[in-house]
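See below for the structure under consideration.
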Amino acid sequence: MRTFKSLTLLYLFLIFSMVGCITGLQTQSMPTDVTTATSGVIFSLSTPKEAYVFKDTIPLELSIQSGKFDLLVPFANVAIPSAFAQLKITDTDSNIVEPKRSIPVPSSAEVFIEKDGRSVQCIQGLELKAATTQIVPLNDLQKYYQLEKGDYTITLTMELPVYRDFLKKKHPEVIELEAEIKRIEDVTDAHVSAADKRSAVNDIQQQIEFLEKKDKDIYLPVESLLGKAMLTSNSITLTIE
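The sequence shown begins at 0 in numbering that gives the first Met the number 0 and counts up one residue at a time.
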């Protein structure tokens with residue numbers, strides 16, 4: 000009876016793993032409002048120098064310091080140059096400098112199919128762990144803004160969406176390996192011992208565990224949006240000589 004109960008629990012665990020809906024501690028510790036969830040989050044802009052020669056490459060860096068909660072946020076907001084989409088640059092007369100080209104924001108909506116066949120619209124996400132720092136670089140500000148000689152002030156404002164849950168896509172190799180396990184378990188050849196089958200399955204399980212640890216991609220169901228927080232960075236000044 001104890002063995003049957005253990006196998007039943009193991010079977011249920013495998014079912015939930017294959018479905019791919021992983022909320023875990025993230026959901027349990029998430030506050031019910033986005034203001035509390037994002038309390039303590041700090042956006043910091045920086046650039047290596049205070050002065051650049053006209054047409055120099057001007058790198059920017061956004062440092063996102065998370066607060067006391069783990070946050071599930073869109074990948075495009077915190078991991079690639081689209082994080083800088085809402086830069087505000089003003090000159091010494093407080094005139095806003097318009098970009099010569101917009102910083103592209105990728106369309107990340109897609110359909111994720113769960114095991115029960117229900118289509119869930121998701122976007123690619125990233126988990127910001129509590130009390131950690133995420134760094135996002137912009138290689139050259141001049142690619143998007145034509146800055147003439149003068150002094151400028153730069154600030155970044157972002158409306159950051161925060162989500163409650165995430166899903167994980169099953170790696171294609173994992174699907175193949177799980178099918179291989181099924182084929183091994185279904186073997187009825189008398190020349191294949193139970194010990195050999197267990198050994199083969201264990202080897203494949205190790206490969207699956209390696210792939211699952213390696214695959215960090217998560218997807219945020221659109222329907223699990225907790226809310227959006229308006230965050231503003233510090234202001235930095237630079238001079239174009």
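For every residue, glycine included, the Cβ atom is placed at its ideal position computed from N, Cα and C.
* **From Tyr151, Asp69 and Gly66, residue whose alpha carbon lies closest to that of Asn94** => In the sequence shown, counting from the first residue as 1, residue 94 sits at position 95. Looking at the Cα atoms, Tyr151 is the closest of the given residues.
* Apart from the five residues just before and just after Ser101, which ones in its own chain have a Cβ nearer than 8 Å to its Cβ? -> For the purposes of this step, residue 101 is taken as the residue at position 102 of the sequence shown. Cβ within range, chain order: Ala84 and Tyr143.
* Asked: Which same chain residues, not among the five before or five after Glu240, have their C-beta less than 8 Å away from its C-beta?
  -> Taking the first residue of the sequence shown as position 1, residue 240 is located at position 241. Result list for Glu240: Ala50, Tyr51, Val52, Phe53 and Lys148, in chain order.
* Asked: Can you tell which of Lys87, Val77, Leu146 and Glu158 has its C-alpha closest to the C-alpha of Glu126?
  -> Walking along the sequence shown from the start, residue 126 turns up at place 127. Per the Cα distances, Val77.
* For Pro80, which of helix, strand or coil comes out of DSSP? -> One-based indexing of the sequence shown puts residue 80 at position 81. Helix.
* Status (buried if at least 16 other CB within 10 Å, exposed otherwise) for Gly39 -> In the sequence shown, counting from the first residue as 1, residue 39 sits at position 40. Gly39 should be labelled exposed.
* Asked: Can you list, in chain order, the stretches of the beta strand (DSSP E) that have 3 or more residues and sit fully within the segment 34-77?
  -> 41-45, 59-64 and 70-73
* So the beta strand (DSSP E) Leu127 belongs to, where does it begin and stop? -> The residue given as residue 127 occupies position 128 in the sequence shown. Segment Ser118 to Leu127, the beta strand (DSSP E) holding Leu127.
* contact_flag[the segment 223-237, the segment 151-162] where n(CB pairs < 8 Å) is 3 or more -> yes
* Give a yes or no on whether the C-beta atoms belonging to Lys48 and Phe111 are separated by under 8 Å. => As a working note, residue 48 is residue 49 in the sequence shown. As a working note, residue 111 is residue 112 in the sequence shown. Not a contact, by the Cβ cut-off of 8 Å.
* Simplified DSSP assignment, three categories, for Ile95 -> Reading the sequence shown from its first residue, position 96 is the one you call residue 95. Strand at Ile95.
* Please go through the same chain and pick out, in chain order, the residues whose beta-carbon is closer than 6 Å to the beta-carbon of Ser223, but skip the five residues on each side of it. => Here residue 223 refers to the residue found at position 224 of the sequence shown. Here the set comprises Tyr162, Arg163 and Asp164.
* Could you have a look at Val161 and say whether DSSP puts it in helix, strand or coil? => Mapped onto the sequence shown, residue 161 falls at position 162. The answer is strand: DSSP assigns Val161 an E or B state.
* Backbone secondary structure at Thr22 - three-state DSSP -> The residue you call residue 22 lines up with position 23 of the sequence shown. The predicted model places Thr22 with a pLDDT of 34, which falls under 50 and marks its position as unreliable; any figure quoted below should be read in that light. The answer is coil: DSSP assigns Thr22 none of H, G, I, E or B.
* Asked: Rounded C-beta distance between Ile122 and Pro73? I'm assuming under 8 Å.
  -> The residue given as residue 122 occupies position 123 in the sequence shown. The residue given as residue 73 occupies position 74 in the sequence shown. Contact holds; Cβ gap of about 5 Å.
* To do: Below 6 Å CB to CB, which residues in the same chain sit around Gln64 once its five sequence neighbours on both sides are set aside?
  => Position 65 of the sequence shown, counted from the start, is the residue given in the question as residue 64. Taken in chain order, the residues that qualify are Ile41 and Thr132.
* Work out the CA separation of Leu71 and Ile235 for me, nearest whole Å. => Counting from one through the sequence shown, the residue named residue 235 turns up at place 236. Counting from one through the sequence shown, the residue named residue 71 turns up at place 72. Spanning the two alpha carbons is a distance of roughly 28 Å.
* Sorted by chain position, which residues of the same chain lie with C-beta nearer than 8 Å to Pro261's C-beta, five sequence neighbours on each side aside? -> Absent from the structure is residue 261, since the part of the chain shown begins at 0 and ends at 240.
* Whole beta strand (DSSP E) runs in the segment 173-225 with 3 or more residues, listed along the chain? -> 217-220
* Output the boundary residues of the beta strand (DSSP E) element that contains Ile235. => For the purposes of this step, residue 235 is identified with residue 236 of the sequence shown, where counting begins at 1. Here the beta strand (DSSP E) through Ile235 covers Ile235 to Ile239.
* Asked: Short check: CB of Ile134 to CB of Leu237, under 8 Å?
  -> Sequence index remark: in the sequence shown, residue 134 carries index 135 (1-based). Sequence index remark: in the sequence shown, residue 237 carries index 238 (1-based). Going by C-beta atoms, Ile134 is not nearer than 8 Å to Leu237.
* Apply the 10 Å Cβ neighbour rule to Ile174 and answer buried if 16 or more other Cβ atoms are within range, or exposed otherwise. => For this step, residue 174 is matched to residue 175 along the sequence shown. The residue is exposed, with fewer than 16 neighbouring Cβ atoms inside 10 Å.
* Could you tell me which of Ser62, Val191, Gln204 and Gln145 sits nearest to Thr89, measuring between CA atoms? => What you label residue 89 is simply residue 90 of the sequence shown in a count that begins at 1. It is Gln145.
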